[in-house]
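Below: the structure, in structure tokens.
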Amino acid sequence: MVGQVIRASSPQGRFAAGAALLDGRVLMGVEAYGKHLFHRFEGLGDRLHVHLGLYGTFVSGSVPAPDPRGALRLRMIADGHYVDLRGPTRCELLTAGERRELLARLGPDPLRPSADPEPARQRIVRSKTPIGALLMDQAVLAGVGNVYRAEVLFRAGIAPTRPGTAMSDLEVATMWSDLRHLMRAGVRTGRIVTTAREHRDHRRGPARDEDRFYVYRRTDLPCRICGTPIRTAEMAARKVYWCPRCQAR
DNA sequence: GCAAAATGTCAAG
DNA sequence: TTGACCTTTTGCA
1 MVGQVIRASS PQGRFAAGAA LLDGRVLMGV EAYGKHLFHR FEGLGDRLHV
51 HLGLYGTFVS GSVPAPDPRG ALRLRMIADG HYVDLRGPTR CELLTAGERR
101 ELLARLGPDP LRPSADPEPA RQRIVRSKTP IGALLMDQAV LAGVGNVYRA
151 EVLFRAGIAP TRPGTAMSDL EVATMWSDLR HLMRAGVRTG RIVTTAREHR
201 DHRRGPARDE DRFYVYRRTD LPCRICGTPI RTAEMAARKV YWCPRCQAR
């Protein structure tokens, strides 16, 4: 929709004032930092800031858009397409200063080509906090969530409970490049798949849903590598999953 | 029909 | 660390 005049509305009403400000403006660009999305509009200093949170979703399609149903926070229409936003934890207009403050609280985002992992490495190796909690901290790394935390630790063979201080520089560097690789694949395909082809039951074609992860949401199921039942526990307010044998270190 | 869970964050204590 | 919040889907009765 970039370059198009956007028709914006908030059928639910919670973002009615904001939508009215956006309506009729040209969308100039859209950018993501970690889990935060920013839209820039012509002639408007503020930017639209969207954070989906746990259950926010964008749904898009070709016009005509279906009649608004349920709680539809924001609908944008341009160039024969609509984009519906439901359930976000944030949908607001931010001034340049507010945006700067928000970005200042974020660690490097593995998806951004220019990101420098060094600040993340320093925070990790200087912290006694478990690596499973550090990976969820957006001030350490921006964009990593509960799926990537569990999966990247499995792929590295590292227990989520390991303190940051017990992480080597090489292990941190390896996790960073693995996150970069996995998250880019996620952007490219629109879904998260962290299993190597040879570790899926069906090795040809796109991964089936139940084949996408090594440990995430696989409590008590056998580890794909060693058969040991996958364990789960709360860490950093979310459930973390790991294989007690493959991630014994 | 209702509870619980879900790729998350923040304020309060 | 806990509870609140945003909304939909799924599983159970």
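Okay, so the first sequence: first residue is 1 according to our numbering, each after it adds one. Virtual Cβ for every residue (Gly too), placed ideally from N, Cα, C. Note that this is a predicted model, so its numbers are computed, not measured.
- Non-local beta-carbon contacts of residue 211 in its own chain, meaning distances under 7 angstroms to residues more than five positions away in sequence, involve 195, 200, 201, 202 in chain order.
- Sequence-distant Cβ neighbours of residue 174 in its own chain, meaning closer than 7 angstroms and more than five residues away, are 156.
- Burial check for residue 114: the Cβ neighbour count within 10 Å stays below 16, so the residue is exposed.
- Boundaries for residue 199: no alpha helix (DSSP H) harbours it, and the DSSP string shows neither H nor E there.
- In the DSSP secondary-structure assignment, residue 77 is bridged to 7, 82.
- Out of 36, 73, 122, 23, the CA that lies nearest to the CA of residue 59 is found in 73.
- Counting the other CB atoms within 10 Å of its CB gives residue 10 a total of 16 or more, which places it among the buried residues.
- Taking C-beta atoms as the reference points, residue 165 and residue 126 count as a pair closer than 8 angstroms.
- For the options 249, 53, 13, 245, the alpha carbon positioned closest to that of residue 138 is the one of 53.
- Going by DSSP, residue 61 is part of the beta strand (DSSP E) stretching over 57-62.
- Burial state of residue 131 is buried, judged by a 10 Å Cβ sphere holding 16 or more other Cβ atoms.
- Taking every protein chain shown into account, the CB of residue 135 has 16 or more other CB atoms within 10 angstroms, so this residue is buried.
- Short of 7 angstroms from the beta carbon of residue 44, and not among the five residues preceding or following it, lie these beta carbons of its own chain, in chain order: 21, 25.
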